[in-house]
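Presented below is the structure to which this report refers.
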Amino acid sequence: MMLRPTSNQQLAPRPVSWTLALMGMLIAGSCVTGCGKKATDGATEAGKSGAQGAGAANAGTAAEPPKPPTPIDRSMLGAFKPLPKNFDSQTNPPSEPKLRLGHKLYFETRLSRSGTISCNSCHNLKTAGVDLQPTSPGHAGKLGDRNSPTVFNAAGHFRQFWDGREPDVEAQAKGPVLNAVEHGLKDAAEVEAILKAIPAYVALFERAFPQAGKNAVTFDNFAKAVGAFERKLVTPAAWDRFLEGDDGALSTEQKIGARLFVEVGCLSCHNGPLLGGTTYQKLGKVRAWPKLTDEGRKKETGMAADLHHFKVPSLRNVARTMPYFHDGTTADLGEAVKLMARHQLGRDLSDAEVSLLVGFLDCLTGEPPAEWTETPELPAQIEAKPSAAAVIPAVRTPPAAVEIAPRQPDSVPHAPPGPGSSPPPPLPPADHVPPPPEK
Ligand code: HEC
Ligand code: HEC
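Here is the structure:
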């Protein structure tokens, strides 16, 4: 392990000797747990990855005698906030029919060129709203160039996407459906034609958007229903219970990790209820980020000052949303934390400090209400209406051979999408909708 008491003094004024003492305590088995099973696991992990080299043997080499490790003080919590109950929008208020519709549309594979891709393919609600891939295979197995962020709590971000190019989840929801490497549909009219050809959807839209009468099936309303649904994907965690006054919600080592998070300076970018999602920041702010090719926000604004600026992601559920960063470069949370400290704050953390921070991040893991993460029943595709015959072929053949590359985390190639695109295959046959891919 590394101690850097001199060169980073101005950035890291606090000696790390107390963490050494703490790790000694952990080894001695005196850990206190309060974050459920997870915390015990986290403490064990901490013992494995950090404590071995950081225990009593090394403590003697520290410049100062170890001070007792200090848990976070409630006066230090000002820049954090508990999660709200939901992220409801005034311009797109929720209603029971709208939420039920949004839930179905989120899982709807018929809204894709191949009949196999839904939002849930890349943002699987059973795996913390991500697909656990560095970048995602979408239409015809083509890979995008960025990591899929989680949809959990995404509605609470100040902007959407790694570069913030869309303002909210409603605007965001229109993107993937028409994106050539995601759902791969042609335009809004095609989305509407597919939905109008499924009578049960027409009825569900009319119920969800009663003011629109017979014109309820629109691409805008599709986005509103999906957006309203996403606004319910809020994941309260032990951290929220702690912020609301329950001291027993966190273990002692997690409270020490929380203090470290504040004192090291993570908080300067990862703050608010989501511990992120409030600003854009330069990646490689203090030390250049290794092998950075994505221009980040500059791609969107064209401004030199925005080069390599990205939205600060939320750290909610980060223990489950690997791999990390806009390009999914590492699946190791400890490594991600180390890189952040080094490149964003100019500080090299000891293994023991990394373990404490990772233990703290564990307390940000939660689940949205179970009713929303279940796979809903999707409307059957009864006879297509004549008006949609141009879009939905009357004679239905099984989906043509548009194969989605198998999802194998270790073998996802990083090649750009190949040239040319396959011709649109017919839509899946009536009453034979393939289930969303299970992962
Ligand atoms: C083929 C994979 C894929 C599919 C399908 C897909 N997404 Fe995404 N999604 C991504 C990727 C990759 C990004 C990040 C792109 C970027 O930032 O440039 C993203 C970003 C997002 C974000 C922004 C989150 C944040 O933290 O900024 C939301 C919300 C989202 N998607 C929701 C959806 C919804 C809703 C659907 C279905 C209508 C959907 N996605 C379909 C891959 C996918
Ligand atoms: C100067 C601002 C800044 C500071 C300080 C900072 N971060 Fe970050 N953090 C970011 C940005 C920006 C990203 C997104 C990077 C990207 O797009 O690849 C990020 C990404 C992350 C990720 C990956 C999240 C994901 O879902 O991919 C983790 C984990 C993380 N930070 C933890 C920390 C920790 C722990 C600290 C303190 C040691 C810290 N950060 C300090 C700005 C910052």
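Position one of the sequence shown corresponds to residue 491 (the numbering used here), numbered consecutively onward.
No residue lacks a Cβ here, since even glycine has one placed at the ideal position from N, Cα and C.
Keep in mind the model is a prediction, meaning the values are calculated, not measured.
Beta-bridge partners of residue i, as assigned by DSSP
i, result
"E656", "Q650"
"P627", "L633"
"P820", "The residue you asked about is not Pro; residue 820 is Thr in the sequence shown. DSSP output for T820 lists Y814 as bridge partner(s)."
"G755", "Answer is none; G755 lacks a bridge partner."
"Q771", "F800"
"V620", "N614"
"G786", "H799"
"G762", "F570"
Proximity winner among the options, relative to residue i (alpha-carbon distances)
i, options, result
"T581", "K714, V671 and E785", "K714"
"G634", "P666, A718 and F570", "P666"
"L694", "T811, H593 and D784", "H593"
"N807", "K704, V620, S611 and A718", "V620"
"L851", "D817, A842, L829 and R810", "R810"
"A870", "H816, A670, R731 and I684", "I684"
"A794", "E785, C756 and F732", "E785"
"G654", "E682, F815 and V802", "V802"
"P587", "G856, G836, A718 and A644", "A718"
Rounded separation between residue i and residue j - CA only
i, j, result
"H673", "W652", "19 Å"
"T820", "P813", "5 Å"
"E696", "T640", "30 Å"
"D822", "C759", "20 Å"
"E660", "V716", "7 Å"
"G774", "F699", "46 Å"
"T599", "V844", "41 Å"
"H833", "R590", "44 Å"
"L740", "K571", "16 Å"
"A831", "H798", "17 Å"
"I688", "V707", "11 Å"
"S611", "M566", "40 Å"
"W779", "P866", "42 Å"
"A748", "R787", "30 Å"
"T523", "I607", "Only weak support exists for where T523 lies, its pLDDT of 36 falling under 50; the coordinates are left without a value."
"E864", "C609", "14 Å"
"F642", "D838", "31 Å"
"L805", "P561", "20 Å"
"G818", "K781", "13 Å"
"L765", "G628", "29 Å"
"D658", "G849", "31 Å"
"G646", "D578", "9 Å"
"A860", "A727", "14 Å"
"S602", "F732", "43 Å"
Buried or exposed by the 16-neighbour rule on C-beta atoms within 10 Å, applied to residue i
i, result
"L595", "buried"
"P574", "exposed"
"I746", "buried"
"I872", "exposed"
"E825", "exposed"
"N705", "exposed"
"P624", "buried"
"E734", "exposed"
"K632", "buried"
"D737", "exposed"
"P789", "In the sequence under discussion, the amino acid at residue 789 is Lys, which differs from the Pro named in the question. Per the 10 Å Cβ criterion, exposed."
Any non-hydrogen atom of ligand 2 closer than 6 Å to residue i Cβ
i, result
"L773", "yes"
"Q834", "yes"
"V692", "no"
"V659", "no"
"M812", "no"
"M566", "no"
"F648", "no"
"C756", "yes"
"V752", "no"
"L847", "yes"
"P763", "no"
"M793", "no"
"H816", "yes"
"V844", "no"
Proximity test, residue i beta-carbon vs ligand 1 heavy atom, cut-off 6 Å
i, result
"S611", "yes"
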